[in-house]
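Only one structure is covered here, and it is reproduced in the block below.
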Amino acid sequence: MMGCKYGTHRVIEPKGVLPQAAYKISNDMDTIYDNEILIDVMALNIDSASFTQLKEEAGGDVEKIKAKIFQIVNERGKMQNPVTGSGGMLIGRVEKIGDALLGKRDLKIGDKIATLVSLTLTPLRIDEILSVKLDIDRVEIKGKAILFESGIYAKLPDDMEETLALAALDVAGAPAQTAKLVKPGQSVLVLGANGKSGMLCCYEAKKRVGPTGKVIGVVRREEAKKKLEELDICHEIIIADAQKPVEVLNKTLEANGGKEVDIAINCVNIPNTEMSTILPVRDEGIAYFFSMATNFTKAALGAEGVGKDITMIIGNGYTKDHAEITLQELRENKKLRKVFEEMYAK
173 MMGCKYGTHR VIEPKGVLPQ AAYKISNDMD TIYDNEILID VMALNIDSAS
223 FTQLKEEAGG DVEKIKAKIF QIVNERGKMQ NPVTGSGGML IGRVEKIGDA
273 LLGKRDLKIG DKIATLVSLT LTPLRIDEIL SVKLDIDRVE IKGKAILFES
323 GIYAKLPDDM EETLALAALD VAGAPAQTAK LVKPGQSVLV LGANGKSGML
373 CCYEAKKRVG PTGKVIGVVR REEAKKKLEE LDICHEIIIA DAQKPVEVLN
423 KTLEANGGKE VDIAINCVNI PNTEMSTILP VRDEGIAYFF SMATNFTKAA
473 LGAEGVGKDI TMIIGNGYTK DHAEITLQEL RENKKLRKVF EEMYAK
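Residues 173 to 518 (the working numbering) make up the sequence shown, in order.
The structure is reproduced here in structure tokens:
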């Protein structure tokens, strides 16, 4: 029994759309299609924007967060936050490989993998939530998930803890896209520079701009600035509220010799930061929105409203070799790896 390679055979409502756009998909794990892979799930890494919203709605109450996650998955057949629209990713062991995929994937039963497609399109059944780790956006569970034929994944590496690898792979698209976008001699602004994706983007950008470029990190607090200074992954670090675009603009100009930047990368996990990304960018520059809290209507109309002729890029979580690029960053930079181990490898 073959299904659509993109998973439309699992869509329940509304018919005719892809699983990510669907309100409800089938999470029946009793039988799998010949071109599906069944995963015994160990943990979910919830998207930062989604997890922040869930925590705020629940007032930090773990039991309320658990109940909300159960409600979403039971209702939708997948983990897609109805407020943010975002999901996350998972790790687990390969339990079964459909007959049509046997020998066509570098996988065998028992392999531990991280899915590199969003939970917003992944059929998921949660049997039990074992723990919620509030500080690292992780939910440990017993459950099952389906990877479609088109789904991408990464086998977890042998040279680092699985929790460390998962934390990096969760945001792998951001530093890999940064590697493609940033050129020698450019000035780059990274909003949310102290988060997972922000730190990786800063490191990659600094490597790419070379000795004649500049990487400017934006953080909200002094302690975050100190952490970035110790990592030495930015040339300049400014403290500003990413929801206040004029403040961000003025501090960016001050840090960049009065000039607008070539590229701005948005890695924040809160809404209403579109204009803080757009305003500091020069005409014909690039604004890269990796944040899933971005409202792209606000970005488009906002750029028009201030007369900015810039290229705006949606933060595609996938780009070629993104898993390898991101894991290699942690291997290259011992300080960055140590911070990730302390913060996320728990």
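From the three backbone atoms N, C-alpha and C, an ideal C-beta is built for every residue, glycine too.
Quick caveat: nothing in here was measured; it's all calculated off a predicted structure.
The three-state secondary structure of Thr350, taken from DSSP, is helix.
Asp481 and Leu451 have their C-alpha atoms spaced approximately 11 Å apart. When C-alpha distances from Val311 are compared across Pro191, Leu262 and Lys368, the shortest belongs to Leu262. DSSP places Ser220 in the uninterrupted alpha helix (DSSP H) bounded by Ser220 to Ala230. For the pair Val362 and Glu267, the Cα-to-Cα distance works out to about 40 Å. Counted as a single uninterrupted DSSP element, the stretch harbouring Gly474 is not any beta strand (DSSP E) but the alpha helix (DSSP H) occupying residues Phe468 to Gly477. In this chain, the beta strand (DSSP E) harbouring Ser359 covers Ser359 to Leu363. Gly270 and Asn207 do touch by the CB rule: their CB atoms are close to 5 Å apart, below 8 Å. The DSSP-derived three-state label of Asn444 is coil. Fewer than three Cβ pairs drawn from the region 461–477 and the region 322–337 lie within less than 8 Å of each other, which leaves the two stretches out of contact.
By a beta-carbon distance limit of 8 Å, Ile497 does not contact Ala286. Their separation comes to about 15 Å. With 16 or more other Cβ atoms inside 10 Å of its own Cβ, Ala396 counts as buried. The beta carbon of Ala459 is closer than 6 Å to those of Ala436, Thr449, Ile450, Val453, Ile482 and Met484 in its chain, skipping five residues each way along the sequence.
In this structure Lys316 is not in contact with Glu300, their Cβ atoms being roughly 12 Å apart against a cut-off of 8 Å. The straight-line gap separating the alpha-carbon atoms of Lys507 and Leu403 is approximately 6 Å. Secondary structure of Arg454 (DSSP, three-state): strand. In the three-state reduction of the DSSP assignment, Asp434 falls in the strand class, which pools E and B. No Cβ-Cβ contact shorter than 8 Å links Pro186 with Gly249. Across the set Asn441, Arg503, Met332 and Met371, the C-alpha of Asn441 shows the shortest separation from the C-alpha of Ser258. Straight-line measurement puts the Cα of Val289 at about 28 Å from the Cα of Val391.
Setting aside the 5 residues that flank it on each side, Ala339 is surrounded in the same chain by Asn217, Ile308, Lys368, Phe512, Met515, Tyr516 and Ala517, each with a C-beta closer than 8 Å to its C-beta; the list follows chain order.
Beta bridge pairing from DSSP links Thr287 with Tyr325. Counting along the chain, the unbroken beta strand (DSSP E) around Leu296 starts and ends at Leu296 to Lys305.
In this structure Gly385 is not in contact with Cys374, their Cβ atoms being roughly 12 Å apart against a cut-off of 8 Å. In this chain, Ala317 is not harboured by any alpha helix (DSSP H); it is covered by the beta strand (DSSP E) spanning Arg310 to Phe320. Residue range Lys506 to Tyr516 is occupied by the alpha helix (DSSP H) that includes Met515, with no beta strand (DSSP E) assigned at that position.
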